[in-house]
Amino acid sequence: MKIDVYAILCILLAVSFVLPVLADGPGTCGTGVEDLKWNPRFLFATSAIAALLGLGLVFYHETLDSRLKYGLFALAVIVFFLPFFHALYSSGFSYDEAFFSGDIQEHAYLFISINGTEYQFPPSAFSKGGKTLNKYVELENGNSNLVHLHARGVTWAYLFTSVGLSLSESCIKLDKEYCANSGQQLQFFSSGKHPAEPSKMLMASGSEIRPVVLVIYYGEPNQNGTKIIGNLQDRVDALDAYLDSIPGECR
Numbered sequence: 025m026k027i028d029v030y031a032i033l034c035i036l037l038a039v040s041f042v043l044p045v046l047a048d049g050p051g052t053c054g055t056g057v058e059d060l061k062w063n064p065r066f067l068f069a070t071s072a073i074a075a076l077l078g079l080g081l082v083f084y085h086e087t088l089d090s091r092l093k094y095g096l097f098a099l100a101v102i103v104f105f106l107p108f109f110h111a112l113y114s115s116g117f118s119y120d121e122a123f124f125s126g127d128i129q130e131h132a133y134l135f136i137s138i139n140g141t142e143y144q145f146p147p148s149a150f151s152k153g154g155k156t157l158n159k160y161v162e163l164e165n166g167n168s169n170l171v172h173l174h175a176r177g178v179t180w181a182y183l184f185t186s187v188g189l190s191l192s193e194s195c196i197k198l199d200k201e202y203c204a205n206s207g208q209q210l211q212f213f214s215s216g217k218h219p220a221e222p223s224k225m226l227m228a229s230g231s232e233i234r235p236v237v238l239v240i241y242y243g244e245p246n247q248n249g250t251k252i253i254g255n256l257q258d259r260v261d262a263l264d265a266y267l268d269s270i271p272g273e274c275r
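Going from the sequence shown to our numbering is simple: count from 1 and add 24.
Listed below in structure tokens is the structure:
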């Protein structure tokens, strides 16, 4: 394959990196496409350099030495991927946090039932001395059912991991680990349905009308998610009313 084909591909990829950033403005309520935590200026600069190298290869590949051509192409590829590594670096090389972006103010509702007892996160799990321990998620006024989100791309699994717990499709780790077996089931309900991969669900709904509601049930088989938590709909409505009562607060 000729070097100019590679160069054109490099240019197209560089443009594909720039356009989403230009189109993605800062958020308040709502969410958009999950993307990496790019530095827009750095991304634009590296994409421009990669594109210029690609253009140079397109127009001058016939006059350049073969080793120089492939050297320039390799340089363009390295420059092209620099923003990705920069995004990982700025996230402390946490792959999950590298995909968090934006500055949103959204909420999600969480209800956990373990063997008939509702689990509540301890207040110290998310804050200490009045300071929030995680800049992406926190409990709203210590309410274990009301999670406040500050970034897009946050999953339910990350919420648990951030406080030293864990969540998967087969196990949940709280005070101890609870896993599905022949007699006990771990079930998830969201909007009356069983999500396929609840741990990977995004917590931000992108809607100012209805937050994401997740019910986690561990115990004997139960097919009716609304009966797992007593007065679930009333409690969801109460959370809605609470958020509506706060000026400028987003659901």
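We put the beta carbon where it would ideally sit given N, CA and C, even for glycine.
Secondary structure of residue i, DSSP reduced to three states
i           : result
residue 104 : helix
residue 73  : helix
residue 189 : coil
residue 238 : strand
residue 243 : strand
residue 271 : coil
Buried or exposed by the 16-neighbour rule on C-beta atoms within 10 Å, applied to residue i
i           : result
residue 86  : exposed
residue 137 : buried
residue 175 : buried
residue 262 : exposed
residue 147 : exposed
residue 271 : exposed
residue 141 : exposed
residue 188 : exposed
residue 177 : buried
residue 130 : buried
residue 78  : buried
residue 128 : buried
Bounding residues of the alpha helix (DSSP H) (the contiguous stretch that carries residue i)
i           : result
residue 257 : 256 to 268
Residue i: first and last residue of the uninterrupted beta strand (DSSP E) it sits in
i           : result
residue 131 : 130 to 138
CB contact below 8 Å: residue i versus chain D
i          : result
residue 99 : Structure shown: chain D not included; a single protein chain is present.
Near the ligand SAM: residue i beta-carbon under 7 Å from a heavy atom
i           : result
residue 267 : With respect to the ligand SAM, the structure offers nothing, as it holds no ligand at all.
Handout entry: Inter-stretch contact (C-beta, 8 Å, three-pair minimum) for the segment 160 to 170 and the segment 208 to 218
Key = They do not touch, by the three-pair rule.
Problem - the segment 257 to 265 / the segment 154 to 162 touching (three or more Cβ pairs under 8 Å) - result: The segment 257 to 265, when compared against the segment 154 to 162, does not touch it at the 8 Å Cβ threshold.
Handout entry: Touching by the beta-carbon criterion (3+ pairs, under 8 Å), the segment 214 to 223 and the segment 148 to 157
Key = The segment 214 to 223, when compared against the segment 148 to 157, does not touch it at the 8 Å Cβ threshold.
Practice task
May I have a chain-ordered list of the alpha helix (DSSP H) segments no shorter than 4 residues that lie completely inside the segment 148 to 233?
Solution key: The qualifying runs are 180 to 185.
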